[in-house]
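**Student:** Sharing a structure here in structure tokens format.
Numbering (my numbering), first residue to last: 333 to 1256.
Next comes the structure, spelled out in structure tokens:
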């Protein structure tokens, strides 16, 4: 809006300026009159009064005084007409290219001269303007001056433009060289050039704007129509939100009431607790006064007791000091005693070292005697061994038996290795078959898990059936989706699209009574929703198709639905009877490509292509063939297939392998027992061989032992200990230690005396303390009667103080809660005035507040599905409507302003042209 207003003011201002310029132009229109003074009055601002040329083109010096009515310069060739025109152009800052005589300013200086100059005087009411241009040939530069003062070319251009002098406008300044161009100008160009020449500067711009005003006017008109239509639509759309906004504000009023009640409730709670606190505080102050009075009554006795306490405290301090001294003396005594004990241990160590020497010597003698006796015994044994020639034949016989046993053991090991290898192979095969069985079991578990996720009741019935199969006389089959095996998983989509899910999860029974027992238990007792079907009495599982598949192969069919699956006979019989699996063929993309031929020639009522199911019917009225097709849904349950025969074969193979492994284990056990017997016989022979070998080498060993012991005996006899010298050294060492012990004993006796003295002093102090305690007890007995009342009162005071503190903390907590609810600063306790005025309208008791709070919450709960976004959307749309209306009003104002401006500009331009006696033809 501000932009439109500003534009309007600018347009009005420019129109005002145009009017003023037109009036000025009309005022200064030239009129003829004689005389110089009259001529000056007839000159308009910017008229050339004088032209002075020095060394310029053909002139050495020339000064011309044009009159106010000069419009053309005529003369013979070579008289200097062009020189005057060039001087006017170049002297008023025109470009050399406009003249067309030369592109360098230096070329306009007279030949043979170094410089030239042009001076032009222009008329101005407040003083003429003199423009001087000095041209230098050497550097091809110009120097400018205005009224004798140095200036730049830009300053000159500004001065010339201010006087509305347009050297480049052919309608204002026409050199001889530009006459051809002037003749070629169109009417529009002449009009524009004339406007620039005689009109104010704004006239040409307004003329250009006038040409564009009509298109802008149409744009504004279309824009206003669009915005008006859009505004009306927005108003209609916004009315729909109004009711929701009203309901939102009604709910907000209830929420505000709830908020105000929740704010006041802490203040009411705080005020209630504060009153309790004030009452408890007053009661505590009264008890405190009574307690002080009772203490004042018992003060004399208490002061005596306190005096005794101080005396007892002094004595106790002395007793503690004595105890510390006794402890310090005892520690010194203990240190001396420890030193004395260490000296005793030192004597024992010295004596022990001597005893060790004696024992070592005694042991040496014993070892010498033992060694001599051993040598004697070995010599006797060596003499008793005699000749050993019979030993070697016995060893050779034993070696022969050992070789036979080793051969038997090797043979048994080979057999055992073969059996073990065979058992390992069987174990590997068993693991492989177990893994296959586990995979099949996992696939069954996955199918069962899918059943549990999709049909929990069917899954529960399936689990119950597995646990109670003995209750049925005939065969009972689990849900079809678990017992049907699709030979190729890619064919599962045909089966699942052909058999409804209700039958896929149905149990199949061979006998009617079994189905009744099952449904009674599952549906009536366990309240489970399951499906059950009865297999036909006469099997339809092997019913042949109406025509062989070879007949249909030319249409792209490769199999009937029955050949795509394996199932128990009763299940297959029911499916063939109910859904005619033996009659519905399955085709390929070839079938799809020739579908019209298939429908027309095959006479099939139902068949499948690679991705679609087709049903063909014949109208009973028109006998026309009607076909419908539907895309196949992706399979969900039958993609996981488990071959029951394969599973049964795996179980039989596992049993055979386990039996074979048991046989191999028995054979390996027999070989192990045989090997144990051979090992036992081998050990016996080796023991015999060892005994004979030891007997053979015993003589040699005895000779070596006797030699070794004789060498050891010589060494023991050489090492002798002198016990007499060792005893004398020990006596001297013990004597020195005893001297140190005597000194320590003397110091110990002094410490014992000091300790005894300190203990006596401590005992005397303890007696004195006991006597004072007795006197204190007597006073306390006398004071005890008043103490009971004092204790009761102190207890009452303590309880009241604790209760007061508890209430105070509760008050602080409630006050903080109330401030937090009202968002008050922690330092402010007063409720703001606006809240107080709101609180006055609310109940003052907690019961009334809770009742009103419950009522408001109940009312607010009725307004569901509302949030601030409704108000925001409504406010946003309302604001958009206001903005759009405002914008539309601005556009209308702008359109009106455009129309007014167009009228004013047209009027002023026409008025100007009429006043200027110019005739132009304006074409739209």
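Built from N, CA and C at the ideal position, the CB exists for glycine as well.
Once the 5 residues before and after residue 889 are set aside, which same chain residues still bring their CB inside 6 Å of it?
**Tutor:** Position 557 of the chain shown holds residue 889. Contacts found: 917, 919.
**Student:** For residue 1009, is the classification buried or exposed, using 16 other Cβ atoms within 10 angstroms of its Cβ as the cut-off for buried?
**Tutor:** Residue numbering aside, residue 1009 sits at position 677 when the chain shown is read from its first letter. So residue 1009 ends up on the exposed side.
**Student:** Can you list the alpha helix (DSSP H) stretches of 4 or more residues lying completely in the stretch 721-783, in chain order?
**Tutor:** Whole alpha helix (DSSP H) segments, 4+ residues: zero.
**Student:** Just reading off the alpha helix (DSSP H) that residue 846 is part of, what are its end residues?
**Tutor:** What you label residue 846 is simply residue 514 of the chain shown in a count that begins at 1. From DSSP, the alpha helix (DSSP H) with residue 846 extends over 844-851.
**Student:** Give the secondary structure of residue 1239 by DSSP, where H, G and I count as helix, E and B as strand, and everything else as coil.
**Tutor:** In the chain shown, counting from the first residue as 1, residue 1239 sits at position 907. Reduced to three states, the DSSP call for residue 1239 is helix.
**Student:** Considering residue 461, what are the terminal residues of the beta strand (DSSP E) in which it resides?
**Tutor:** Counted from its first residue, the chain shown places residue 461 at position 129. Looking at the DSSP string, the run of the beta strand (DSSP E) that includes residue 461 is 461-468.
**Student:** If you drop the 5 nearest sequence neighbours on each side, which residues of the same chain put their C-beta closer than 8 Å to that of residue 502?
**Tutor:** Translated into positions along the chain shown, residue 502 becomes position 170. Excluding sequence neighbours, residue 502 sits near 510, 513, 514, 517, 525.
**Student:** Determine the direct distance from the alpha carbon of residue 787 to that of residue 938, and round the result to whole angstroms.
**Tutor:** In the chain shown, the residue the question calls residue 938 occupies position 606. In the chain shown, the residue the question calls residue 787 occupies position 455. Those two C-alpha atoms are separated by around 29 Å.
**Student:** Could you pull the start and end residues of the alpha helix (DSSP H) that residue 835 belongs to?
**Tutor:** Taking the first residue of the chain shown as 1, we reach residue 835 at position 503. First-last of the alpha helix (DSSP H) with residue 835: 833-836.
**Student:** Given that a residue counts as buried once 16 or more other Cβ atoms are within 10 Å of its Cβ, and exposed if not, what is residue 429?
**Tutor:** Counting from one through the chain shown, the residue named residue 429 turns up at place 97. Looking at its Cβ environment, which holds fewer than 16 other Cβ atoms inside 10 Å, residue 429 is exposed.
**Student:** For residue 382, which of helix, strand or coil comes out of DSSP?
**Tutor:** Here residue 382 corresponds to residue number 50 of the chain shown, with the count starting at 1. Note: residue 382 maps to strand in three-state DSSP.
**Student:** Please classify residue 337: is it buried, with 16 or more other beta-carbons within 10 angstroms of its beta-carbon, or exposed?
**Tutor:** To locate residue 337, count along the chain shown from 1; it is residue 5. Residue confidence is low: residue 337 scores 39 on pLDDT, short of 50, so the model does not pin down where it sits. Its coordinate-derived value is still stated next. Residue 337 comes out exposed.
**Student:** Going by beta-carbon coordinates alone, are residue 970 and residue 744 separated by less than 7 Å?
**Tutor:** Taking the chain shown and counting its residues from 1, one reaches residue 970 at position 638. Taking the chain shown and counting its residues from 1, one reaches residue 744 at position 412. Cβ distance not < 7 Å, so residue 970 and residue 744 don't count as in contact.
**Student:** For residue 958 and residue 822, what's the separation of their Cα atoms in angstroms?
**Tutor:** Reading the chain shown from its first residue, position 626 is the one you call residue 958. Reading the chain shown from its first residue, position 490 is the one you call residue 822. Approximately 29 Å, taken between the alpha carbons.
**Student:** So residue 476 and residue 485 are supposed to be a Cβ contact under 8 Å. How far apart are they, rounded?
**Tutor:** One-based indexing of the chain shown puts residue 476 at position 144. One-based indexing of the chain shown puts residue 485 at position 153. Indeed they touch by this definition, with Cβ atoms about 6 Å apart.
**Student:** What is the residue span of the beta strand (DSSP E) that residue 473 lies within?
**Tutor:** As a first step, residue 473 must be located in the chain shown, where it is residue number 141. That run of the beta strand (DSSP E) goes 473-478.
**Student:** Have a look at the DSSP bridge pairing and note the partners of residue 917.
**Tutor:** As a first step, residue 917 is located in the chain shown; it is residue number 585 there, counting from the start. In DSSP, residue 917 forms a bridge with 892.
**Student:** Under the assumption that residue 447 contacts residue 387 (Cβ atoms under 8 Å), give the Cβ distance between them as a whole number of angstroms.
**Tutor:** Along the chain shown, one-based indexing puts residue 447 at 115. Along the chain shown, one-based indexing puts residue 387 at 55. Sure, about 7 Å apart at Cβ, within 8 Å.
**Student:** Which residue wins for smallest C-alpha separation from residue 408, given the options 950, 944, 508?
**Tutor:** Position 76 of the chain shown, counted from the start, is the residue given in the question as residue 408. Ranking 950, 944, 508 by Cα distance to residue 408 puts 508 first.
**Student:** Please report how far the alpha carbon of residue 322 lies from the alpha carbon of residue 586, in whole angstroms.
**Tutor:** Within the shown structure, residues of the chain are numbered from 333 to 1256, placing residue 322 beyond reach of any answer.
**Student:** Could you check whether residue 838 and residue 865 sit closer than 7 Å to each other, using their CB atoms as the reference points?
**Tutor:** Within the chain shown, the letter at position 533 stands for residue 865. Within the chain shown, the letter at position 506 stands for residue 838. A contact, by the Cβ cut-off of 7 Å.
**Student:** Exposed or buried, residue 471, counting other C-beta atoms within 10 Å across all chains shown (16 or more means buried)?
**Tutor:** The residue labelled residue 471 in the question sits at position 139 within the chain shown. Residue 471 should be labelled exposed.
**Student:** Tell me the residue span of the beta strand (DSSP E) that contains residue 959.
**Tutor:** On the chain shown, position 627 is the one that residue 959 refers to. First-last of the beta strand (DSSP E) with residue 959: 957-963.
**Student:** Helix, strand or coil for residue 641 per DSSP?
**Tutor:** The residue you call residue 641 lines up with position 309 of the chain shown. Residue 641 falls in the helix class under three-state DSSP.
**Student:** Mind checking who residue 898 pairs with in its DSSP beta bridge?
**Tutor:** As a working note, residue 898 is residue 566 in the chain shown. Answer is 817.
**Student:** Taking all protein chains shown into account, decide if residue 434 is buried (16 or more other Cβ within 10 angstroms of its Cβ) or exposed.
**Tutor:** The residue given as residue 434 occupies position 102 in the chain shown. Exposed: under 16 other Cβ atoms inside 10 Å.
**Student:** In whole angstroms, give me the CA-to-CA distance for residue 523 and residue 406.
**Tutor:** Numbered from 1 along the chain shown, position 191 holds the residue referred to as residue 523. Numbered from 1 along the chain shown, position 74 holds the residue referred to as residue 406. Distance between the alpha carbons of residue 523 and residue 406: 26 Å.
**Student:** Could you compute how far the alpha carbon of residue 983 sits from the alpha carbon of residue 740?
**Tutor:** As a first step, residue 983 must be located in the chain shown, where it is residue number 651. As a first step, residue 740 must be located in the chain shown, where it is residue number 408. One C-alpha to the other measures close to 40 Å.
**Student:** Among residues of its own chain, excluding the 5 on either side of residue 366, which ones have a beta-carbon nearer than 6 Å to its beta-carbon?
**Tutor:** As a working note, residue 366 is residue 34 in the chain shown. In this predicted model, residue 366 has a pLDDT of only 35, less than 50, meaning its place in the structure is not dependable; the value taken from the coordinates is given anyway. Contacts found: none.
**Student:** Please classify residue 436: does DSSP put it in a helix, a strand, or coil?
**Tutor:** Taking the first residue of the chain shown as 1, we reach residue 436 at position 104. Note: residue 436 maps to coil in three-state DSSP.
**Student:** Output the distance between the C-alpha atoms of residue 490 and residue 423, rounded to the nearest integer angstrom.
**Tutor:** For the purposes of this step, residue 490 is taken as residue 158 along the chain shown, with counting starting at 1. For the purposes of this step, residue 423 is taken as residue 91 along the chain shown, with counting starting at 1. Cα to Cα, the separation comes out at about 14 Å.
**Student:** In this structure, what does DSSP give as the bridge partners for residue 950?
**Tutor:** Counting from one through the chain shown, the residue named residue 950 turns up at place 618. Answer by DSSP bridge pairing, in chain order: 957.
**Student:** So for residue 1250, helix, strand or coil by DSSP?
**Tutor:** Counting from one through the chain shown, the residue named residue 1250 turns up at place 918. Caution is warranted here: a pLDDT of 43 is assigned to residue 1250, below 50, making its placement in the model unreliable, and the coordinate value is therefore given only provisionally. Coil.
**Student:** Within the same chain, show all residues whose beta-carbon is closer than 7 Å to that of residue 843, passing over the 5 residues directly before and after it, in chain order.
**Tutor:** Within the chain shown, numbered from 1, the residue matching residue 843 stands at position 511. Excluding positions up to five away in sequence, the list reads 805, 806.
**Student:** CB-CB under 8 Å to residue 1205, same chain, minus the five flanking residues each way: which ones, in chain order?
**Tutor:** By one-based count along the chain shown, residue 1205 stands at place 873. Counting only Cβ-Cβ distances below 8 Å, and skipping sequence neighbours, we find 573.
**Student:** Is it true that the CB of residue 615 sits closer than 7 Å to the CB of residue 1132?
**Tutor:** Locating residue 1132 in the chain shown gives position 800, where the first residue counts as 1. Locating residue 615 in the chain shown gives position 283, where the first residue counts as 1. Cβ atoms of residue 1132 and residue 615: closer than 7 Å.
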